[in-house]
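Asker: Here you go, one structure.
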Amino acid sequence: MDLQKQTVNAGVPLAGKAKTAALLSVLSMGLGQIYNRQYAKGILFLTVQCIYIYYIVTSLAGNLVGLVTLGDTPTKLKKVGKLYKNVAGDHSIFMMIYGLVALLFIVILISLYVYNVRDAYRNGLVREQGKRTRSFLESYSHVTQNSFPVILLSLPMLGVMFFTVLPILFMVLMAFTNYSAPDHIPAKNLVDWVGFETFHNLFYLKQWASTFYGVLTWTIIWAVTATLTCYFGGIFVALLIQQKGIKMKSLWRSLFIIPYAIPQFISFLIMRNLLNYQFGPVNQYFRYFGLEGLPWLNDPFWAKVTVILVNMWVGIPVSMVLVLGILTTIPKDLYEAAEMDGASNLQKFRNITFPFILFSTAPILIMQFAGNINNFNVIYLLTKGLPANGDYAFAGSTDLLVTWLYKLTLDNQRYNFASAIGIIIFIIIAAFSLWNYRRSRSFKEEDMVQ
Amino acid sequence: MKFRKSLVLLMAVIMVFTLAACGGGANNAANTNNAPANGAEGTNAGNEAATEEEFKPEEGAKLVVWDGGEQKPFIEEVGKAFQEKYGVEVTFTEVGADKSVERIITDGPAGVGADVFVAVHDRTGSAVSSGVVLPNDQFEEETKAAAFETAIQAVSNDGILYGYPKSVETTAVFFNKDLIPNVPATWDEVVKFAGTFNDTKANKFAYMWDTGSSYWGYGFFGGYGSYVFGKEGTDPTDIGLNNEAGIEAAKFIQSLTSIIPLKSADINGDIRKSLFTSNKLAMNVSGPWDSTSFKEGVKNLGVAPYPKLPNGEQMKPFSGVKAYFVNAYTKYPNAAKMFASFASSAEYQKRNYVLTGLLPSNKSLAEDADIKNDPIASGFLAQFANSVPMPSIPEMAQYWAPMDAALASLWNDKTDPKKAMDNAVQQMKDNISTGQ
Chain A
1 MDLQKQTVNA
11 GVPLAGKAKT
21 AALLSVLSMG
31 LGQIYNRQYA
41 KGILFLTVQC
51 IYIYYIVTSL
61 AGNLVGLVTL
71 GDTPTKLKKV
81 GKLYKNVAGD
91 HSIFMMIYGL
101 VALLFIVILI
111 SLYVYNVRDA
121 YRNGLVREQG
131 KRTRSFLESY
141 SHVTQNSFPV
151 ILLSLPMLGV
161 MFFTVLPILF
171 MVLMAFTNYS
181 APDHIPAKNL
191 VDWVGFETFH
201 NLFYLKQWAS
211 TFYGVLTWTI
221 IWAVTATLTC
231 YFGGIFVALL
241 IQQKGIKMKS
251 LWRSLFIIPY
261 AIPQFISFLI
271 MRNLLNYQFG
281 PVNQYFRYFG
291 LEGLPWLNDP
301 FWAKVTVILV
311 NMWVGIPVSM
321 VLVLGILTTI
331 PKDLYEAAEM
341 DGASNLQKFR
351 NITFPFILFS
361 TAPILIMQFA
371 GNINNFNVIY
381 LLTKGLPANG
391 DYAFAGSTDL
401 LVTWLYKLTL
411 DNQRYNFASA
421 IGIIIFIIIA
431 AFSLWNYRRS
441 RSFKEEDMVQ
Chain B
1 MKFRKSLVLL
11 MAVIMVFTLA
21 ACGGGANNAA
31 NTNNAPANGA
41 EGTNAGNEAA
51 TEEEFKPEEG
61 AKLVVWDGGE
71 QKPFIEEVGK
81 AFQEKYGVEV
91 TFTEVGADKS
101 VERIITDGPA
111 GVGADVFVAV
121 HDRTGSAVSS
131 GVVLPNDQFE
141 EETKAAAFET
151 AIQAVSNDGI
161 LYGYPKSVET
171 TAVFFNKDLI
181 PNVPATWDEV
191 VKFAGTFNDT
201 KANKFAYMWD
211 TGSSYWGYGF
221 FGGYGSYVFG
231 KEGTDPTDIG
241 LNNEAGIEAA
251 KFIQSLTSII
261 PLKSADINGD
271 IRKSLFTSNK
281 LAMNVSGPWD
291 STSFKEGVKN
301 LGVAPYPKLP
311 NGEQMKPFSG
321 VKAYFVNAYT
331 KYPNAAKMFA
341 SFASSAEYQK
351 RNYVLTGLLP
361 SNKSLAEDAD
371 IKNDPIASGF
381 LAQFANSVPM
391 PSIPEMAQYW
401 APMDAALASL
411 WNDKTDPKKA
421 MDNAVQQMKD
431 NISTGQ
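Chains A and B are the protein sequences, given in the same order. The numbering of the first sequence is our numbering, which starts it at 1 and goes up by one. The numbering of the second sequence is our numbering, which starts it at 1 and goes up by one.
Encoded structure:
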């Protein structure tokens, strides 16, 4: 800014310079800058544009067309004499990815273009006021001094675009194609855009709709139940350990933490064998005491109960540790005051302990809820989504949306349905989390506890 | 001022010309970019002309082979022999026959797939329709002359041979001769035997198969005259699982809950194996892939065809042909074809039989004294004569999940057979139509 304050040219301000510069820059990147006598900058812009035009002509334009058409010549086998040769044609999925990359490059170009026009206009204004524009070196030092964070962050931003935004866009786009077995698997077959047909099938086509709504309902029930049972289970266990008169507290704590220390997939696979109706030890014990035993994993209802119970077993230790930590932060004098007023234990819990715990753990509770919607391990390792359900397409009675998605992609190649479900899962989690988080007291009153 | 304006105009014109020059350069570059591609095609054509005369592995070829984990010793042995003979290095990667086609569909075009992979023939249609396999052209005559006709049919599609059959498999009844001297000839006798042998409290059972599985359950349907995709297994519009014969089969399966009082989720291969090897299960349905481990666990092991159905017919289980396929995107098609042919030759099918107990798909080996005198192998080959090759059209992939669910609900929930089968067939139809 200090440079602009200096009045170098005291002559009559030249009217319309800003407009001319902006117009020239619209015509071609860098022209406005050169008109503004910022030659180095102008040439830099011009070079960038040249490189861009080169790539647009050689590949980007073709890639964009590919993104729209998703290919028109399928891969074929050509017979030459006795031998067949694979003549590679268009691979719709690769074309989609390349098209997306091209799209991102074009977005970058457009933003550069806008910046270039604005820059020309601004410097034109400076010249209209009769001031000298910055030289290249001055601009350079200005940028490195004032916009250093921008430069520093631009590289990670580029990374985010290509490694996070691009795959997500790719997944979203897949939901609007017919990319699925058996008839639309590249390379021999092309994939086409079908608009909202996949979503329509998912919501209205009998088999898919009944699966979708059934699995969705169970996913929500599961997420709510699993989160609440673990949360309150953890509080209960923590309070139990912290009771006055409990001896060997650290021993109990270690005992309760053990389920958390075993790798989940091992414990679930073991649980699956333990809970086998006929051959599992759990039911063998039941029978030893003359009881029938429970159809842990065989009956749709009991299988659901079982996954919630087993999830409590691995989830409660986490909440317990959390709550144990929070309990130590509650000021003792609050309890003393409560005792003076003759409060009962329940009243102390309701009015002191629980609000404290809830306040500190609300964000974690939301995260656990979102995590449970996508709790792949428990379901897939424990039940594989079974027991089978004749009314469902590619899903069993205990399948969550995420395990259904897994089966659709890896076992059945229904990529379009899977990505439609992926989008729906994302919307659900995002909506619940945002809504819940904005309602939580820790969002509203950030300064309540320091 | 006028001078300045004209200067600016001049510069603008120059810039636009420069841009045009840039564009021109780009066009030229594009052309030169295309040139090598054309050149490559030309040289490929040249190669083809050359291969007409002499078929040999490409210079510096290296092969990656996907096969099941239990095949590792076999592939390593074949690979060594192949390298000695042709100087082509062979690397083994574990991708089982049941997963290889799905993997190659994504990995093949991306250029990271195996050059040669094993697959069960029911995925032939899927592999062909996604364009990831090269036909078996160079060794077509040899292969056709050597393998069983059914095996050739199984790995062909629209009259073109794709696979290099390496083994055949079907399911039959393993039995423990100490518990039952022979597999009963009819199901009536099985039920009678179960009445004396079963003891649910002590976990003793007469006969067991995976009752919720569409693979193991098909034997009943085939035996009653039902079918999956038309009589030939090639017509996706004619699903015969809910016709009269199919419902009859479903009813019969349901009636067998009396001798296997377990839910289908409680029965799986591992549990059956542990019961079988601890003398608590008399008859265990399985395939040749289990013969090695069962031989270790059961002292007096026998294999026999399935018991006859109440209608007097033989059960017709699915049979499978495992075959090598050549990835259409391989860099070394010649070497890959040669290896596939080499590893599935009569000599190495015999070695594979010795090493891992796989049944050969080679006609002449069925007459081989070692295999003929092996009661296990000959038991399976007897059942193989009475089996139905799994359909190999791409739609076959839509059979498994709905049929699994139907069989499980028949078995566990005593669903009405007609309702269960109608539902399964409807699902298959829906699934086929939403995939189109």
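C-beta atoms are modelled at their ideal positions from N, C-alpha and C, and glycine is treated no differently. Note that the coordinates shown come from a computational prediction; the quantities given were computed from them, not determined experimentally.
Considering just the uninterrupted stretch of the beta strand (DSSP E) at Y54 of chain A, what are its terminal residues?
Answerer: By one-based count along the first sequence, residue 54 of chain A stands at place 54. Note, Y54 of chain A: premise wrong, no beta strand (DSSP E); alpha helix (DSSP H) at Y39 to Y55.
Asker: Which full runs of the beta strand (DSSP E) of 3+ residues lie inside the segment 223 to 304 of chain B, going along the chain?
Answerer: Counting only runs of 3 or more, we get 227 to 229, 281 to 286 and 301 to 304.
Asker: If the criterion is Cβ atoms closer than 8 Å, does the pair I379 of chain A and T398 of chain A meet it?
Answerer: One-based indexing of the first sequence puts residue 379 of chain A at position 379. One-based indexing of the first sequence puts residue 398 of chain A at position 398. Their beta carbons are under 8 Å apart, which means I379 of chain A touches T398 of chain A by this criterion.
Asker: In chain order, what residues of the segment 274 to 299 of chain B put their CB closer than 7 Å to some CB of chain A?
Answerer: In summary, no residue of the segment 274 to 299 of chain B has a CB separated from any CB of chain A by less than 7 Å.
Asker: For chain B, check one thing: does any of its Cβ atoms lie closer than 8 Å to the Cβ of L291 of chain A?
Answerer: What you label residue 291 of chain A is simply residue 291 of the first sequence in a count that begins at 1. L291 of chain A does not count as touching chain B.
Asker: Give the DSSP-derived three-state secondary structure of T32 of chain B in the structure shown.
Answerer: Numbered from its first residue, the second sequence carries residue 32 of chain B at position 32. Any reading at T32 of chain B must be qualified, since the residue scores a pLDDT of 37, below 50, and its modelled position is unreliable; the value itself is stated next. Correct three-state label for T32 of chain B: helix.
Asker: Please confirm whether Y277 of chain A has its beta-carbon closer than 8 Å to some beta-carbon of chain B.
Answerer: For the purposes of this step, residue 277 of chain A is taken as the residue at position 277 of the first sequence. With 8 Å as the cut-off, Y277 of chain A counts as an interface residue toward chain B.
Asker: Which one of B:A119, B:Y224, B:L281 and B:A97 has the shortest CA to CA distance from L309 of chain B?
Answerer: The residue labelled residue 309 of chain B in the question sits at position 309 within the second sequence. Taking only the C-alpha atoms, the option nearest L309 of chain B is B:Y224.
Asker: Please classify T124 of chain B as buried or exposed, where buried requires at least 16 neighbouring CB atoms within 10 angstroms.
Answerer: Position 124 of the second sequence holds residue 124 of chain B. It is buried - the Cβ of T124 of chain B has at least 16 other Cβ atoms within 10 Å.
Asker: One question on the structure: do K407 of chain A and F394 of chain A come within less than 8 Å of each other, judged by their Cβ atoms?
Answerer: On the first sequence, position 407 is the one that residue 407 of chain A refers to. On the first sequence, position 394 is the one that residue 394 of chain A refers to. Yes, Cβ-Cβ distance for K407 of chain A and F394 of chain A is below 8 Å.
Asker: Within the same chain, show all residues whose beta-carbon is closer than 7 Å to that of G342 of chain A, passing over the 5 residues directly before and after it, in chain order.
Answerer: Here residue 342 of chain A corresponds to residue number 342 of the first sequence, with the count starting at 1. There are no such residues.
Asker: Relative to the alpha-carbon of E296 of chain B, which residue among B:A420, B:T143, B:G212 and B:N176 has its alpha-carbon at the smallest distance?
Answerer: Looking up residue 296 of chain B in the second sequence gives position 296. For the residues B:A420, B:T143, B:G212 and B:N176, the minimum Cα distance to E296 of chain B belongs to B:N176.
Asker: Give me the chain B residues within the contact set of T75 of chain A, using Cβ-Cβ distance strictly less than 7 Å, ordered along the chain.
Answerer: Translated into the one-based positions of the first sequence, residue 75 of chain A becomes position 75. Result: G131.
Asker: Quick one: complete alpha helix (DSSP H) runs, 4+ long, within the segment 98 to 155 of chain A?
Answerer: Within the segment 98 to 155 of chain A, the runs of alpha helix (DSSP H) at least 4 residues long that lie entirely inside it are, in chain order, 136 to 146.
Asker: Strictly under 8 Å for the Cβ-Cβ distance: is L134 of chain B near chain A by that measure?
Answerer: Walking along the second sequence from the start, residue 134 of chain B turns up at place 134. True, the Cβ-Cβ gap to chain A drops below 8 Å.
Asker: When DSSP builds the beta bridges, which residues end up paired with P389 of chain B?
Answerer: The sequence position of residue 389 of chain B within the second sequence is 389, counting from 1. Looking at the DSSP assignment, P389 of chain B forms a beta bridge with B:S319.
Asker: Is DSSP giving N436 of chain A helix, strand or coil here?
Answerer: Residue 436 of chain A sits at position 436 when you count from the first residue of the first sequence. Helix, per DSSP.
Asker: I need the boundaries of the alpha helix (DSSP H) containing W313 of chain A, first residue and last residue.
Answerer: Taking the first sequence and counting its residues from 1, one reaches residue 313 of chain A at position 313. W313 of chain A -> alpha helix (DSSP H) spans P300 to L327.
Asker: I need the DSSP call for S130 of chain B, collapsed to helix, strand or coil.
Answerer: Translated into the one-based positions of the second sequence, residue 130 of chain B becomes position 130. Of the three classes helix, strand and coil, the one that applies to S130 of chain B here is coil, per DSSP.
Asker: Please decide whether N201 of chain A counts as near chain B, where near means a Cβ-Cβ distance under 8 Å.
Answerer: As a first step, residue 201 of chain A is located in the first sequence; it is residue number 201 there, counting from the start. Yes - at least one Cβ of chain B is within 8 Å of the one on N201 of chain A.
Asker: Under 8 Å, with one C-beta from each stretch per pair, do the segment 24 to 31 of chain A and the segment 39 to 53 of chain A reach the 3-pair mark?
Answerer: yes
Asker: For I270 of chain A and L134 of chain B, what's the separation of their Cα atoms in angstroms?
Answerer: Translated into positions along the first sequence, residue 270 of chain A becomes position 270. Translated into positions along the second sequence, residue 134 of chain B becomes position 134. C-alpha separation (whole angstroms): 43 Å.
Asker: Where does W193 of chain A sit, in a helix, a strand or coil, going by DSSP?
Answerer: For this step, residue 193 of chain A is matched to residue 193 along the first sequence. Correct three-state label for W193 of chain A: strand.
Asker: I'd like to know if G111 of chain B contacts chain A, where contact means its C-beta is closer than 8 Å to some C-beta of that chain.
Answerer: Position 111 of the second sequence holds residue 111 of chain B. So no, G111 of chain B is outside the interface.
Asker: Quick one: does A338 of chain A have its CB under 8 Å from some CB of chain B?
Answerer: Working through the first sequence from its first residue, we reach residue 338 of chain A at position 338. No, because no Cβ of chain B sits closer than 8 Å to the Cβ of A338 of chain A.
Asker: Can you tell me the Cα-Cα spacing of Q426 of chain B and P402 of chain B, whole angstroms?
Answerer: Your numbering for residue 426 of chain B matches position 426 in the second sequence. Your numbering for residue 402 of chain B matches position 402 in the second sequence. When rounded, the distance between both Cα atoms is 9 Å.
Asker: Report the rounded CA-to-CA distance for H121 of chain B versus S92 of chain A, giving the unit in angstroms.
Answerer: Within the second sequence, residue 121 of chain B is the residue found at index 121, counting from 1. Within the first sequence, residue 92 of chain A is the residue found at index 92, counting from 1. Straight-line Cα distance between these residues: approximately 27 Å.
Asker: Taking just the CA atoms, how far does L322 of chain A sit from E70 of chain B?
Answerer: The residue given as residue 70 of chain B occupies position 70 in the second sequence. The residue given as residue 322 of chain A occupies position 322 in the first sequence. In a straight line, the C-alpha of E70 of chain B is about 46 Å away from that of L322 of chain A.
Asker: If the cut is a Cβ gap below 8 Å, which residues of chain A does N203 of chain B touch?
Answerer: As a working mapping, residue 203 of chain B is identified with position 203 in the second sequence. The contacting residues are Q278 and F279.
Asker: Ignoring anything shorter than 3 residues, give me the beta strand (DSSP E) runs that lie fully in the segment 74 to 99 of chain A, in order along the chain.
Answerer: 76 to 80 and 83 to 87
Asker: Does DSSP put G71 of chain A in a helix, in a strand, or in coil?
Answerer: By 1-based counting over the first sequence, the position of residue 71 of chain A is 71. Residue state, collapsed to three classes: coil.
Asker: Any idea if T198 of chain A is buried or exposed, counting beta-carbon neighbours within 10 angstroms, 16 or more meaning buried?
Answerer: As a position in the first sequence, residue 198 of chain A is number 198, starting the count at 1. Buried: at least 16 other Cβ atoms inside 10 Å.
Asker: Beta-carbon within less than 7 Å of F221 of chain B's beta-carbon, same chain only, minus the 5 sequence neighbours each way: which residues are those?
Answerer: Taking the first residue of the second sequence as position 1, residue 221 of chain B is located at position 221. So the list reads L241, G246 and A249, once near-sequence residues are dropped.
Asker: Could you check whether the segment 255 to 270 of chain B touches the segment 186 to 201 of chain B, counting it as contact only if at least three pairs of C-beta atoms, one from each stretch, sit closer than 8 Å?
Answerer: yes
Asker: For W66 of chain B, write down the residues that DSSP places opposite it in a beta bridge.
Answerer: In the second sequence, counting from the first residue as 1, residue 66 of chain B sits at position 66. In the DSSP output, where bridge partners are listed per residue, W66 of chain B has B:T93 and B:F117.
Asker: Please work out which residues of its chain come closer than 8 Å, Cβ to Cβ, to I326 of chain A, disregarding the five sequence neighbours upstream and downstream, and give them in chain order.
Answerer: For the purposes of this step, residue 326 of chain A is taken as the residue at position 326 of the first sequence. The answer, listed in chain order, is F356, I357, S360 and T361.
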